[in-house]
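Colleague: Let me give you the structure first, and then I'll get to my questions.
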Amino acid sequence: LDEAQVGEVGAHAAQHPVQRPAPGCQLLPQPLLQLLPLPLAPGGGAAAVQGDPPRLHGGQHEDEPVEDGLKLLQALGGLPQKVTYERDPLKAETPLLERQLKELLTFLLKSAFVVEQQPTMPNACKRPLVLRTASKFSARARLLVRLHDRNHRMEAKIHIDRDTPKIKGFRKFNILTSSSKTLLTGDSPQDGLVCDFQYLTLKEQKESRSGKGSKGIGEGPLAVTEELHLITFTLAYAYCGLELELETTTLPFVIISNNNQLSSAWASILWFNMLSTNPKDRHFFSSPPPAPWPQLAEVLSWQFESVAERGLSRDHLLMLAEKLFGSKPSPECTLAWPKFSKEGASGFSFWSWLDGILGLLQEHLKQLWKNNLILGFVSRKQEKKLLKGKRTGTFLIRFSESILGGVTCTWVEHPDTGPPAFRAVVPYTAVELASLALPDIIRDYQLLVEENIPENPLQFLYPDIARDEAFGPYYSQREEGTARHGAGQRWGSTPSPL
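Counted the way our numbering counts, the sequence shown spans residues 3 to 500.
Rendered as structure tokens:
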């Protein structure tokens, strides 16, 4: 460059300085910052954790303009040592522009270091953020830019509860196996740099034991399933003289010691992600806020959509609202955390009842629920209203309100005189359905009528679908003219009037 060209470059740079981002400005959209591929819902909660269908997310940053600009400014900064002139703008403006560009790059990098996979155990049944001691789990972080010094080894470290909350009885844990990993390039140029921690395990520190047993009750104010823990990733970053420690944190998770705590732990994860405005608030359950019914109803519907590919209808939600709030619920109703997860007139909480149904659907009734063959959430008062005008033998399938994870069947009979009679069967649970599928039970169900002639009273699925037409595709194969042993006896011996 001659003197005139150097002056032109310097003048152009001075007229087009790098602009700092406005206060609060995000270079990355908020849904990308913490949870990929589980995007964050407004207010810091993870919608996909709650069951919301997954959404698309972005890839790596386009880092070439930043890289080229920084190298250009560093090259321009050395030119005045070779050739300069009076009032040379490169002397005054280049350091300022380089400082501004580094500030912008710092902001970009801090936003681009994200948690891609939240802490999850294998076979977690779509329930991340619940970990069990002595069981393997994995977590993954990603730097969404491939802007780094090839000669600098970038190492990420993983920490649990870096800043322990001041909560009495709060348990402390150690991460076993290696706590550091080198960032590697992804499978394609769009994948950025990946740090994948696999086969991690947690062990409770002996001095932190608070006497909390399997029910999660101990010396502290929080149950085991209400303790919220965090994993933090840190990354020593260096590029073109810029050195940073990047940091990103997972969503809070719950640590359990045995499987009977899993349901309560998942309730805590749902409640936190639904209502918390601070994704790092580990004191949340010291005073958990109540849930507005419309918001809770949406989350519950997502759970059924996630487990069995069919959410809750308006009628389902109305029945649940009446169960919780009485005969005249309104959108202004709110539900307290203890009433959702701890208290219940039947000896179990509202959530335990729902989660038992979710487990039953997942293991045994998914296709029937998905294809609208199970009416599901119907009160006894409502089922009589639905069936009384139907012909004899019309039946519906609903979930039991008195037995956890139970499904039952109610049908209507119209005697020659008097009002219609409604009969139901003893609810079936996963124990029975593991050996005999519900469609086969319905097909083989028999009662002894006059003259001890066996007869199947289940003829038409509500509203008016022939039994075999509705359930025929789900029948198992059997020899013609034979019934599966025990089906008629188990169902036919104990019908009860309603």
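C-beta atoms are modelled at their ideal positions from N, C-alpha and C, and glycine is treated no differently. Since the model is a prediction, treat every value here as computed from it, not as a measurement.
Roughly how many angstroms separate the alpha carbons of F401 and F274, rounded to a whole number?
Modeller: 27 Å
Colleague: Going by DSSP, what residue range makes up the beta strand (DSSP E) through I257?
Modeller: In the DSSP annotation of this structure, the continuous segment of the beta strand (DSSP E) that includes I257 starts and ends at V256 to I258.
Colleague: Could you tell me which residues DSSP puts in a beta bridge with P456?
Modeller: L450
Colleague: Using the three-state DSSP reduction, which class does F327 fall into: helix, strand or coil?
Modeller: helix
Colleague: For Q305, write down the residues that DSSP places opposite it in a beta bridge.
Modeller: Its beta-bridge partners do not exist; DSSP assigns none.
Colleague: Could you check the C-alpha separation between T396 and Q364 for me, to the nearest Å?
Modeller: 26 Å
Colleague: Does DSSP classify F401 as helix, strand or coil?
Modeller: strand
Colleague: Under 8 Å between the Cβ atoms of F175 and I257?
Modeller: yes
Colleague: Once you ignore the five residues that flank H154 on each side, which residues in its own chain have a CB closer than 7 Å to its CB?
Modeller: A240
Colleague: From Y464, N373, E403 and P422, pick the residue whose C-alpha is nearest to that of P475; which is it?
Modeller: N373
Colleague: Which same chain residues, not among the five before or five after H161, have their C-beta less than 6 Å away from its C-beta?
Modeller: T234
Colleague: Quick one: what's got a C-beta closer than 6 Å to L29's C-beta in the same chain, skipping five residues either side?
Modeller: Here the model assigns L29 a pLDDT of 32, short of 50, so the residue's position is not dependable, and the following value carries that caveat. Correct list, in chain order: L110 and S113.
Colleague: Report back the beta-carbon spacing between P121 and T252 to the nearest angstrom; my notes put them in contact at under 8 Å.
Modeller: 6 Å
Colleague: Count the other C-beta atoms from every protein chain shown that fall within 10 angstroms of the C-beta of T184, then say buried if there are 16 or more, exposed otherwise.
Modeller: Result: exposed.
Colleague: Tell whether a beta-carbon distance below 8 Å holds between V132 and A267.
Modeller: Contact: yes.
Colleague: Does I162 come out as helix, strand or coil in the three-state DSSP assignment?
Modeller: strand
Colleague: Under 8 Å: do the region 140 to 148 and the region 280 to 298 share three or more Cβ pairs, one atom per stretch?
Modeller: Touching, no.
Colleague: Should L367 and A472 be called a contact, given that it needs their Cβ atoms to be closer than 8 Å?
Modeller: no
Colleague: Three-state secondary structure (DSSP) at H231?
Modeller: strand
Colleague: Are there 16 or more other CB atoms within 10 angstroms of the CB of R382, so buried, or fewer, so exposed?
Modeller: exposed
Colleague: Where does the unbroken beta strand (DSSP E) through A141 begin, and where does it stop?
Modeller: F139 to L145
Colleague: Tell me where the beta strand (DSSP E) around K183 begins and ends.
Modeller: S182 to T184
Colleague: Do V414 and L389 count as a contact pair if the criterion is CB distance below 8 Å?
Modeller: It is a contact, given that the beta carbons lie within the stated cut-off.
Colleague: How many Å lie between R312 and S303 at the Cα?
Modeller: Rounded to whole angstroms, R312 to S303 spans 8 Å at the Cα level.
Colleague: Whole angstroms are fine: how far does the CA of K138 sit from the CA of G218?
Modeller: In this prediction, G218 scores a pLDDT of 49, lower than 50, which makes its location untrustworthy; the coordinate-derived value is nonetheless stated afterwards. If I take the Cα positions, the gap works out to 21 Å.
Colleague: According to the neighbour-count rule (16 or more other Cβ atoms, all chains shown, within 10 Å of its Cβ), is Q1 buried or exposed?
Modeller: The question about residue 1 has no answer, for the chain in this structure spans 3 to 500.
Colleague: Using DSSP with H/G/I as helix, E/B as strand and the rest coil, what is R382?
Modeller: In the structure shown, R382 sits in a helix (DSSP, three-state: H, G or I).
Colleague: Rounded to a whole number of angstroms, what is the C-alpha to C-alpha distance between E457 and V380?
Modeller: Answer to the nearest angstrom: the Cα atoms are 26 Å apart.
Colleague: Tell me whether A269 is buried or exposed, calling it buried when 16 or more other Cβ atoms sit within 10 Å of its Cβ.
Modeller: buried
Colleague: What are the uninterrupted segments assigned as alpha helix (DSSP H) that are 4 or more residues long and contained completely in the region 247 to 283, given in chain order?
Modeller: 264 to 277
Colleague: Assuming F424 and T410 are in contact, meaning their beta carbons sit under 8 Å apart, how far apart are those beta carbons, in whole angstroms?
Modeller: Their Cβ separation, rounded to whole angstroms, is 12 Å, which puts F424 and T410 out of contact at 8 Å.
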